[in-house]
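Below is one structure, written out as structure tokens; comments come after it.
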Amino acid sequence: EPEVTQTPSHQVTQMGQEVILRCVPISNHLYFYWYRQILGQKVEFLVSFYNNEISEKSEIFDDQFSVERPDGSNFTLKIRSTKLEDSAMYFCASSVDRGSQYGYTFGSGTRLTVV
Amino acid sequence: DQQVKQNSPSLSVQEGRISILNCDYTNSMFDYFLWYKKYPAEGPTFLISISSIKDKNEDGRFTVFLNKSAKHLSLHIVPSQPGDSAVYFCAARGAGGTSYGKLTFGQGTILTVHP
Chain A
-1 EPEVTQTPSH QVTQMGQEVI LRCVPISNHL YFYWYRQILG QKVEFLVSFY NNEISEKSEI
59 FDDQFSVERP DGSNFTLKIR STKLEDSAMY FCASSVDRGS QYGYTFGSGT RLTVV
Chain B
162 DQQVKQNSPS LSVQEGRISI LNCDYTNSMF DYFLWYKKYP AEGPTFLISI SSIKDKNEDG
222 RFTVFLNKSA KHLSLHIVPS QPGDSAVYFC AARGAGGTSY GKLTFGQGTI LTVHP
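Line by line, the protein sequences are chains A and B.
Under the numbering used here, residues -1 to 113 are what the first sequence spells out, in order.
Under the numbering used here, residues 162 to 276 are what the second sequence spells out, in order.
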């Protein structure tokens, strides 16, 4: 069964450093998403991406965040200057379309720890 | 902004009995409601969904009921099995505009099925 692959599974970084979280969505999917879950809290929407541009972003997704699909297979989330409160599990997801009754396929996540 | 709420943080049931997980929502601009299952160190996995125009959808041991007037949905698992032990997330999908396709998650319910 096709999978969404995320690397690394765990990233530890110093506050103020830049991090790039990587995702390989399912190959025929067209819509891409990043969600995050702070420990003990809800899974929260960050950003959706389609046709090489951001479709929607949440208030969490400020100027410190950016997304890119540099080569047609990878989908990356960059945090320019990490803060302690960015520590969370980050999930990438993809879907064939936005109207599928099956929702998205999520990756296993990257646990980001900012120290 | 608690648009999707799961008020029970945990549920414990005996193997073979019925598990009922509940979810409430406050916004009517959703076109689908989805249930995801999540194991530790994995991403959410799609389980079952229901269109906002239906009141029931069944898939094997899993049935989702939607009560639109009460803005309430529930997931029934019968019979429950120990392998069903996981965190269950209710999610609502935006019906249109820039929120089309965006998932809003509840807080999750930890289901434990005892042998």
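All C-beta atoms, glycine included, are put in the ideal place defined by N, C-alpha and C.
Here the structure is a predicted model, which means the values were calculated and not measured.
Within the same chain, T108 come within 7 Å of P6 of chain A by CB-CB distance, once the 5 residues on both sides are set aside. Within the same chain, G255 come within 7 Å of Y261 of chain B by CB-CB distance, once the 5 residues on both sides are set aside. Burial check for E219 of chain B: the Cβ neighbour count within 10 Å stays below 16, so the residue is exposed.
Contacts between S260 of chain B and chain A, judged by CB atoms closer than 8 Å, involve E54 in chain order. Residues of chain A whose Cβ lies closer than 8 Å to the Cβ of E203 of chain B are, in chain order, S106 and G107.
For D192 of chain B, the enclosing beta strand (DSSP E) stretches over residues F191 to K199.
For E66 of chain A, the enclosing beta strand (DSSP E) starts and ends at F63 to E66. Close to S92 of chain A, with beta-carbon spacing below 7 Å, lies no residue of chain B; the smallest spacing is near 11 Å.
For Y193 of chain B, the closest Cβ of chain A is nearer than 8 Å.
Taking the beta carbon of F59 of chain A as reference, no residue of chain B falls within 7 Å; the closest one sits roughly 12 Å away.
Closest option to S213 of chain B, judged by alpha-carbon separation, among B:L272, B:N168, B:F191 and B:S230: B:F191.
Close to chain B, meaning a Cβ-Cβ distance shorter than 7 Å, are the following residues of the segment 28 to 47 of chain A: Y29, K40, V41, F43 and S46. Collapsing the DSSP output to three states places G255 of chain B in a strand.
By the 16-neighbour rule on beta-carbons within 10 angstroms, R96 of chain A is buried. At a cut-off of 8 Å between beta-carbon atoms, S213 of chain B makes no contact with chain A. Counting only residues of its own chain and dropping the five nearest sequence neighbours on each side, I18 of chain A has a CB closer than 6 Å to the CB of T74 and K76. Under the three-state reduction of DSSP output, S241 of chain B falls in the coil class, being neither helix nor strand. The beta-carbon distance between F226 of chain B and I238 of chain B, rounded to whole angstroms, is 12 Å. This is too long to meet the 8 Å contact definition. At a cut-off of 8 Å between beta carbons, R96 of chain A contacts chain B. Cβ-Cβ distances below 6 Å link T273 of chain B to S173 and S246 in the same chain, with the five nearest sequence neighbours on each side left out; the list follows chain order.
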